[in-house]
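Numbering-wise, the sequence shown is residues -23 to -1, 1 to 211 according to mature numbering (1 follows the signal peptide of the UniProt record, and there is no 0).
Every residue, glycine too, gets a C-beta built ideally from N, C-alpha and C.
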Amino acid sequence: MIKNTIKLIVVSLLGSIVVGCGAVNTKPLADADLLSIKGKTLLIAKYEKLPDFTATTALNAQFGIVGAMTAISNGNEMIAKNNIKDPALAIASSVGNQFEKSYDMSVHEASDFVQAGVKPEQLAMQYKNYDYVLDISTFYWRSAYYRLDPNNYQVMYSANARLIDTNTAKVIFEDRCAHQPEYEDTDDAPSYAELEDGSGLRRSFDLSIKYCIDQIEKNARLIPMDEGKVATAQ
C-alpha cells in the first residue's frame, strides 16, 4: 500500500498536484438496467483498509522518498488520532438510500469487509444472495500546501463507484469523483494545526462527500424515469 501511495505522490513532491490517477470512464445506467433494478436487493460493500493519507508540507516535500514516507506517516496519524471515518461510507449510504427511494430497492449494508482491488466477479460471488452490489471506495486522499501560501493546505479526495449485477458479475454503472475545496482566499483553507486536530479534515471531507454524492447520483440517473418513456427509448 505504501509503495503505491509513494508512486502517486512523487509527482506532487516535484511540484504538481495529483488528484486521482488512472482513468475511469463514467458508465451511466442503461435504460434496461433502470427497469431491471426496480424492487431488487442491493448490498453496500465496505472496505476495512483505506489508502494511505499523505500530508505534504513545504518541509517534507524537499526530501524526496524520505519526505514521502514522512508525509504518509504524519497523514495516517492525523486520520487515526482524530478517528476520521472513511468518506466513502457516507457517500455509499446516501447513494444507497437514493436507490431505495427512486427504485424501491431493498438496501442492506455488508456485515463483513472486502479488500482493495476486489474484482467484480469476487464481489458477485461474495454477495450472491443479493441482486446488486454498490461498491464505493476511497481511491485517493491527501493534503498539500499551497505553493504560494505554505501556511495553508488544500485537501484532495477521490472515490470510485460501481454497481455490479451479481447474476452476471457485470459492472452496469461506473464513475469516479475527484474533489478539492476551492477558496478565493487561501487563508480560509485549513492550516496545518487544523489538519492535525481534525477540524480542517472534517470540514474538507464534508464538502467532498457532498460533491461526490451529487455527481454519482446524477451520473447513476437516480431520478425515477417513466417506464413508458424508458420502454420507448429502447
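Next item on the list: Check whether the Cβ atoms of S168 and G177 sit closer than 8 Å, and answer yes or no.
Entry: Reading the sequence shown from its first residue, position 191 is the one you call residue 168. Reading the sequence shown from its first residue, position 200 is the one you call residue 177. Yes, Cβ-Cβ distance for S168 and G177 is below 8 Å.
Margin query: Considering only DSSP beta bridges, list what L112 is partnered with.
Written below: Taking the first residue of the sequence shown as position 1, residue 112 is located at position 135. It should be pointed out that residue 112 corresponds to Asp in this sequence rather than to Leu. Answer by DSSP bridge pairing, in chain order: R139.
Item checked: Option in N2, A38, K17 with minimal Cα separation from L111 -> Numbered from its first residue, the sequence shown carries residue 111 at position 134. Ranking N2, A38, K17 by Cα distance to L111 puts K17 first.
Next item on the list: Given a cut-off of 8 Å, decide if L20 and Y104 are closer than it, judged by their beta-carbon atoms.
Entry: The residue you call residue 104 lines up with position 127 of the sequence shown. The residue you call residue 20 lines up with position 43 of the sequence shown. Their beta carbons are under 8 Å apart, which means Y104 touches L20 by this criterion.
Note to self: With DSSP as the reference, identify every bridge partner of T31, one or two as the case may be.
What the structure shows: Within the sequence shown, the letter at position 54 stands for residue 31. DSSP lists R119 as partners of T31.
Item checked: Rounded straight-line distance, which links the Cα of A69 to that of T34 -> Here residue 34 corresponds to residue number 57 of the sequence shown, with the count starting at 1. Here residue 69 corresponds to residue number 92 of the sequence shown, with the count starting at 1. One C-alpha to the other measures close to 31 Å.
Notebook entry, point to check: Quick check: the segment 132 to 146 against the segment 183 to 202, are there 3 or more CB pairs under 8 Å?
Noted result: yes
Check: With a cut-off of 8 Å, do at least 3 Cβ pairs link the segment 48 to 64 to the segment 22 to 38?
Finding: yes
Check: With which residues is L20 paired in a DSSP beta bridge?
Finding: Residue mapping note: residue 20 aligns to position 43 of the sequence shown, counting from 1. Partner(s): H85, V110.
Next item on the list: Select from L12, A38, Q75, N51 the residue whose C-alpha is nearest the C-alpha of I190.
Entry: Position 213 of the sequence shown, counted from the start, is the residue given in the question as residue 190. Out of L12, A38, Q75, N51, Q75 has the C-alpha closest to the C-alpha of I190.
Notebook entry, point to check: The alpha helix (DSSP H) spanning F76 covers which residue range?
Noted result: For the purposes of this step, residue 76 is taken as the residue at position 99 of the sequence shown. That run of the alpha helix (DSSP H) goes 64 to 80.
Next item on the list: For my contact list, Q10 and I149 are in at a C-beta cut-off of 8 Å; report their separation, rounded to the angstrom.
Entry: Here the question's residue 10 lines up with position 33 in the sequence shown. Here the question's residue 149 lines up with position 172 in the sequence shown. The displayed chain sequence assigns Asp, not Gln, to residue 10. That belief holds up - the Cβ atoms of D10 and I149 are roughly 5 Å apart, short of 8 Å.
Checklist line | Buried or exposed by the 16-neighbour rule on C-beta atoms within 10 Å, applied to A170 | finding: Taking the sequence shown and counting its residues from 1, one reaches residue 170 at position 193. Exposed, since its Cβ has fewer than 16 Cβ neighbours within 10 Å.
Margin query: Which of the three DSSP states is assigned to I150 in this structure?
Written below: For the purposes of this step, residue 150 is identified with residue 173 of the sequence shown, where counting begins at 1. The sequence given here has Phe at residue 150, not Ile. Here F150 sits in strand by DSSP.
Notebook entry, point to check: What does a CB cutoff of less than 6 Å around T47 pick up in its chain, not counting 5 residues either side in sequence?
Noted result: The sequence position of residue 47 within the sequence shown is 70, counting from 1. If we look at T47 and ignore the five residues flanking it on each side, its Cβ neighbours are N37.
Next item on the list: Using beta-carbon positions only, say whether A65 and A166 come within less than 8 Å of one another.
Entry: As a first step, residue 65 must be located in the sequence shown, where it is residue number 88. As a first step, residue 166 must be located in the sequence shown, where it is residue number 189. Cβ atoms of A65 and A166: not closer than 8 Å.
Check: At what residue ranges does the segment 168 to 200 contain a whole run of the alpha helix (DSSP H), taking only runs of 4 or more?
Finding: 169 to 173, 176 to 196
Note to self: So the candidates are D152, T145, R180; which of them puts its Cα closest to the Cα of E159?
What the structure shows: Stepping through the sequence shown from its first residue, residue 159 is reached at position 182. Of D152, T145, R180, the residue nearest in Cα terms is R180.
Next item on the list: Work out the CA separation of N2 and H85 for me, nearest whole Å.
Entry: Position 108 of the sequence shown, counted from the first residue, corresponds to residue 85. Position 25 of the sequence shown, counted from the first residue, corresponds to residue 2. Cα to Cα, H85 sits roughly 27 Å from N2.
Notebook entry, point to check: Do you know how far the Cα of E173 is from the Cα of S13?
Noted result: For the purposes of this step, residue 13 is identified with residue 36 of the sequence shown, where counting begins at 1. For the purposes of this step, residue 173 is identified with residue 196 of the sequence shown, where counting begins at 1. Roughly 47 Å separates the two Cα atoms.
Notebook entry, point to check: What do you reckon, are the CB atoms on H156 and Y117 nearer than 8 Å?
Noted result: Position 179 of the sequence shown, counting from 1, holds the residue named residue 156. Position 140 of the sequence shown, counting from 1, holds the residue named residue 117. Contact flag unset, no.
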